[in-house]
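In what follows, a structure is listed as structure tokens, so that the remarks can point back to it.
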């Protein structure tokens, strides 16, 4: 017995000795910057398997003691650096050094922040849309999601065609960048919505002003940067499925995405989306022919390493959109009655059919990207992209052309760009870039209808330089300069009486090619030299307050619609007239941002002033009766304009209770219970200084408040109640006009078309609930709870019908 006891004691002692030996391993080293070799203080190192971690000291040094021998994954993080996960083997005491890139500038590598404000790394005014908000609007449009940002409104043609407005500016003044690619899909039209599937986005940044010079210098309104999910440096397969049903439109959507990542660097991503909706409904009637159907796909394959990488991405987007039937009328009497009474002239039973008038748009995008990090210098990027956009617009046509498109446009775009980010200097980062564009627009003459937009080719080549300099812990400066040369070469037929009536035969005789019957073939060629400059400073007061001032100036050349429009725009049921002698716009914008975090309150205030010389606007000036009916006439003109306003965003954590798992002390604490109030406010003043009157289509004053209660009643249950209040726009120009209305006896009467008056203000209440379980979440939302009748001043269909009523949405999200 004593012999057995002695053997047992010996085995215990031996096991203890082995254990003591194996678990006394020390790992130490230094974490440095990849480019300049400088030590990185306060980098975090965490061993997943052992749940042990530490941080580097001021010299970038770290020590991990009492480790057990073995192989494990080390996660290394540092503010503004790309997180690294490295597998290391430790058998004995070991020195292991690590490198991180400290000066990351790629927008696709910036984390999505949880609050409504930006992470304030630049002097520009910018805001991020969180991934949660993107998921919430999965079944809606990009414009609807962007409208959650203070200072951003939406210009609508019905409920399916939405276009973002930033600080009162829209169209080609707002650049949309999708995965580094500037979207080219005939964005010049008022009713042309961006052909982008919102579900491909993981992060959206709204930059308010002409500060994003990398993507062009003509974005005098702002830039919207959409980024997909970033690469994960580990072997994993992940994805998401979102299914949504909604009562208004009696349809829904489904989107599925999957990403396959390999530690070796290879990855594949795919997203598919389908949406189907029938006629929307106002509180009192069906909005006939407002249904839609959308197919979208996005596929990518790439190789991503810290030092180099490349990718290829293909995107497809197809949408069929109905245009309110009541907006297409047969004669001037019906048109005047509809506009003046506000009662739709056509109300039919609900249907999923999408009949003329309608749009059918198809967009293809192919993108090739490559990058290489150059040690001691920075990062070199090369990008090529091809885009093809086909736009069909269908009017109500008869006989041989019944069912044929009235407008058929093919837009083909090639872009090539090279960028160099120099980030090897300690406090200064420089970015240089050059890019070129070739574009060809081809209308189909087989439509049998006079072309609204002519054949044209355009070329653009430009370059920019920008820098950021951290003068001290309190002061940050940035500046940039860009130049673009832009040429547009068109072939267009004008009716001879219109050409001469506008005085173009005297002003542009060099454009005349030849006369054919009663038409003149012309070859307008325009060259523009476009300059943009931006400079700003930011002051950080302690850790909770910062103030930024940014001044930018930029040019924008008139777009093809503004120059050449000449006829019926079927999607809008209006006649548009361009103007050949338009000059480039010149914007001077001053942006100030004050941001404060005090206790549980986070507030950002953004006043701004934008003076735009030769501002192009589209104004109504009468009615014209054609063989296809009576339509309002809109004409482009240039004026001197001033736009000034203020945006306010705030988040108040009324209370927040944390819980911390002591075994996972190196991870952030988890919010256990949370009640917060999210608020935003926007006001803009737009004035036509040339005619001393308000600018047309300026967003009215808006208030938004949302109360969010998380885990208050039940764990994993989130409750929301929100109110959106829009005031009546009291500042609008008087563009009312008189028309002659014939009666059955051959007499005429004079009627005033009240097209200028803005609709009354309104207040909408919305409620929602979300419950999370396992890897899924179920969301229930009710928009416009009280079925309020209202009309939005920025909806071109407000002349004919009310906006939509109550909408109940049920959404299921599953992550894997």
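In the working numbering, the protein residues as written are 1 to 816. Positions of the beta carbon are idealized from the N, C-alpha and C atoms, including for glycine.
Residue 290 counts as buried, since at least 16 other C-beta atoms from the protein chains shown sit within 10 angstroms of its C-beta. Excluding sequence positions up to five before and after residue 721, its CB lies within less than 6 Å of the CB of 707 and 767, all in the same chain and listed in chain order. With contacts defined as CB atoms closer than 8 Å, residue 580 and residue 626 fail to qualify as a contacting pair. Beta-bridge analysis with DSSP links residue 374 to 378. Residue 499 carries a helical assignment under DSSP once its states are collapsed to helix, strand and coil. Restricted to the region 187-249, the beta strand (DSSP E) segments that are unbroken, complete and at least 3 residues in length are 203-208, 222-227 and 236-246, listed in chain order. Taking the CA atoms as reference points, residue 524 sits about 6 Å from residue 489.
Shown here, residue 761 sits in coil according to DSSP, grouped into three states, outside any helix or strand. A contact between stretches requires three or more CB pairs, one per stretch, nearer than 8 Å, and the region 591-607 meets this requirement with the region 646-654.
The shortest CA-to-CA distance from residue 295 to any of 349, 197, 47 and 230 is the one to 197. Straight-line spacing of the CA atoms in residue 517 and residue 208 works out to 50 Å. By the Cβ neighbour-count rule, residue 758 is buried, with 16 or more other Cβ atoms within 10 Å of its own. With respect to residue 809, residue 764 sits apart: the two C-beta atoms are not nearer than 8 Å. Residue 548 sits close to residue 593, with the two beta carbons spaced by under 8 Å. Taking the Cα positions, residue 746 is about 17 Å away from residue 334.
Inclusion of residue 467 and residue 429 in the CB contact set at 8 Å is warranted, their separation being smaller than that value. According to DSSP, residue 674 shares a beta bridge with 656 and 710. Cβ-Cβ distances below 6 Å link residue 275 to 253 and 294 in the same chain, with the five nearest sequence neighbours on each side left out; the list follows chain order. The continuous stretches of alpha helix (DSSP H) do not include residue 72, which lies in the beta strand (DSSP E) extending over residues 70-77. Annotated as distal: residue 565 and residue 495, with beta-carbon spacing of 8 Å or more. The Cβ-Cβ distance between residue 803 and residue 795 falls below 8 Å. In this structure, DSSP gives residue 345 a state outside helix and strand, which the three-state scheme calls coil. The shortest C-alpha to C-alpha distance from residue 166 to any of 312, 530, 181 and 221 is the one to 221. Within the region 561-593, complete alpha helix (DSSP H) segments of at least 4 residues are not found at all. Sixteen is the threshold: when 16 or more other Cβ atoms of the shown chains lie within 10 Å of the Cβ of residue 634, as they do, the residue is buried. Beta-bridge annotation (DSSP): residue 135 is not paired with any residue. Take residue 755, set aside five residues on each side of it, and the residues of its chain with a beta-carbon closer than 8 Å to its own are 339, 620, 632, 735, 736, 737 and 799, in chain order.
Between residue 617 and residue 588, the alpha-carbon positions lie close to 18 Å from each other. Counting along the chain, residue 459 sits inside the beta strand (DSSP E) bounded by residues 455-470. Contact check for residue 281 against residue 805 passes: the beta carbons are separated by less than 8 Å. DSSP places residue 308 in the strand class (E or B) of the three-state scheme. CA-to-CA, the gap between residue 533 and residue 125 works out to about 16 Å. 8 Å or more divides the Cβ of residue 288 from the Cβ of residue 550. Annotation for residue 304: 231, 265 and 267 place their beta carbon closer than 7 Å to its own, counting only its chain and skipping 5 residues before and after. Between residue 811 and residue 240, the C-beta spacing is not below 8 Å. Between the alpha carbons of residue 127 and residue 448 lies a distance of about 46 Å.
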